[in-house]
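**Student:** Residue numbers (this note's numbering): 4 to 107. Yeah, the Cβ is synthetic: ideal placement off N, Cα and C, and Gly gets one too. Given the structure is predicted, the values throughout are model-derived calculations rather than measurements.
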């Protein structure tokens with residue numbers, strides 16, 4: 004297992020050391036080396052009494068709200084024509100804007 008040690012210099016001059024993955028395991032010491040050493044010892048000692056258990060949480064799956072409408076226009080020739088026109092417009096590559104006179 005690899006963990007990340009976080010070292011912080013406090014205003015008192017002491018060094019606070021904690022483990023990123025286990026933020027509640029924290030020590031304070033006079034030197035950086037001492038803080039690291041104390042944290043490692045504390046972590047290894049506590050680890051003897053800790054068991055990690057995997058838990059697969061089954062979340063309820065909700066049907067998307069649009070699902071009842073899926074396929075509504077499947078056999079509608081008018082809708083097919085509209086979609087063809089939209090595809091054609093999208094695929095023409097015409098990047099021009101709407102005629103500004105339209106807004107006058």
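1. Determine which residues share a DSSP beta bridge with residue 72 and list them.
2. Which of helix, strand or coil does DSSP assign to residue 67?
3. Determine whether the beta carbon atoms of residue 31 and residue 6 lie at a separation below 8 Å.
4. Would you kindly report the start and end of the unbroken alpha helix (DSSP H) that includes residue 84?
5. The beta strand (DSSP E) that contains residue 36, what's its start and end?
6. Taking the straight line between their C-alpha atoms, what separation do you get for residue 58 and residue 65?
**Tutor:** Reading from the atomic positions:
1. What you label residue 72 is simply residue 69 of the chain shown in a count that begins at 1. Beta-bridge pairing links residue 72 to no other residue.
2. Numbered from its first residue, the chain shown carries residue 67 at position 64. The answer is coil: DSSP assigns residue 67 none of H, G, I, E or B.
3. Counting from 1 along the chain shown, the entry for residue 31 is found at position 28. Counting from 1 along the chain shown, the entry for residue 6 is found at position 3. Cβ atoms of residue 31 and residue 6: not closer than 8 Å.
4. As a working note, residue 84 is residue 81 in the chain shown. Note, residue 84: alpha helix (DSSP H), 80-94.
5. Mapped onto the chain shown, residue 36 falls at position 33. First-last for residue 36: 35-50, but that is the alpha helix (DSSP H), not the beta strand (DSSP E).
6. Position 55 of the chain shown, counting from 1, holds the residue named residue 58. Position 62 of the chain shown, counting from 1, holds the residue named residue 65. Going by the C-alpha atoms only, they are around 21 Å apart.
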